[in-house]
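Under our numbering, the letters of the sequence shown match residues -9 to 251, in that order. Positions of the beta carbon are idealized from the N, C-alpha and C atoms, including for glycine. Keep in mind it's a predicted model, so treat the numbers as computed, not measured. Okay, so here's the structure we're looking at.
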Amino acid sequence: MDTANLDTKCRNGYFVGKSLNRYHQWQTMDGINAFNRTLAEIYASLRFLADSGRRGFDCSPESLAKIENWGRAPQYFAESLEDIRSDLGECQRCRLARERNKIVFGDGNPGAKLVFVGEGPGFKEDQQGKPFVGAAGELLSRIIQAINLTRNRVYICNVIKCRPPENRNPRPDEIETCLPFLERQIEAIRPDYICALGTFAAQTLLNSTAPISRLRGRFHNYKGIKVLPTYHPAYLLRNPEKKRDVWEDMKMLMKEYRYED
Ligand code: SF4
């Protein structure tokens, strides 16, 4: 990687990340020499940071995206989220365009290892143009914190990008029309994991008609990406006794995420 084009903060993060990446490689290598080399690299990187006056790390979404992607396969040929958003434009492709206020495209780390996919925007999301910002959004934030992540390390989006009137369920033709944009988002991000929140997200991604109660609790496959369905946070607000099930799902996700981190 040519570090000359990175700003100073990113370059600093790059050196530390590279060293940590080497540490991962060392875990699969034999010999004290590899260990010593890794330690020396970490020391040199931290020394470089200290000498250049750094007392912390840049945690901007852009830097986190870069760090998150170290060691992952380059995403050749994938279009960017900006390209997809631009193609979506002021979409009028289905009837939901008539009453929406704002399109809710998605939010978070464009290089996320974990993507949360919900059903569709609610009232507050429609007002603000961001996913999961109401009470259900706060609960989702707490769930993300509980698995030791933050919202700016993951990506959050929905199956449909516009709010259905009166928060009714999305209709099959609306899902079918909007789905290609979600598929392109997933292709652009190429996460290792998807957490499908609720019935519509799980059934749509898994092309299944099974209820969420049967789909949750285990990993499924979507184009080589591990998909873990669980209950939607809005459902949890109405049925708090289901939080235990979601916590079991999150523990499973956390274990896999850490194992491959
Ligand atoms: S729901 Fe999707 S397809 Fe329908 S208008 Fe909104 S962005 Fe377009």
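At which residues does the beta strand (DSSP E) containing residue i begin and terminate?
| i | result |
| --- | --- |
| Ala106 | The displayed chain sequence assigns Phe, not Ala, to residue 106. Phe106 -> beta strand (DSSP E) spans 104 to 108. |
| Ile137 | First-last for Ile137: undefined, no H or E at that position. |
| Tyr221 | From DSSP, Tyr221 is part of no beta strand (DSSP E); its letter is neither H nor E. |
| Ala186 | 183 to 187 |
| Asn211 | 210 to 212 |
Need the endpoints of the alpha helix (DSSP H) that residue i sits in, please.
| i | result |
| --- | --- |
| Cys168 | 162 to 179 |
| Ile74 | 71 to 78 |
| Ile146 | Counting along the chain, Ile146 falls outside any alpha helix (DSSP H), though it belongs to the beta strand (DSSP E) covering 145 to 148. |
| Ser42 | Unbroken run through Ser42: none, as it is neither H nor E. |
| Phe113 | 113 to 118 |
| Ser198 | Neither: Ser198 is in no alpha helix (DSSP H) and is coded neither H nor E. |
Below 8 Å on the Cβ atoms is my guess for residue i versus residue j; work out the distance and round it to an integer in Å.
| i | j | result |
| --- | --- | --- |
| Val256 | Ile184 | With the chain running from -9 to 251 in the structure shown, residue 256 is simply not present. |
| Ile179 | Val105 | 6 Å |
| Gly188 | Ile202 | 6 Å |
| Asp239 | Arg204 | Not really, about 13 Å apart at Cβ, beyond 8 Å. |
Under 7 Å, CB to nearest heavy atom of ligand 1: contacting residues: Leu78, Cys81, Gln82, Arg83, Cys84, Leu86, Ala87, Arg90, Ile93, Ile150, Lys151, Cys152, Glu164, Thr167, Cys168, Phe171
At least three beta-carbon pairs within less than 8 Å, the region 119 to 139 to the region 159 to 174: no
Three-pair Cβ contact test at 8 Å for the region 196 to 207 versus the region 167 to 179: Segments in contact, no.
Any 3 or more C-beta pairs closer than 8 Å across the region 83 to 100 and the region 208 to 225: Output reads no: the region 208 to 225 does not touch the region 83 to 100.
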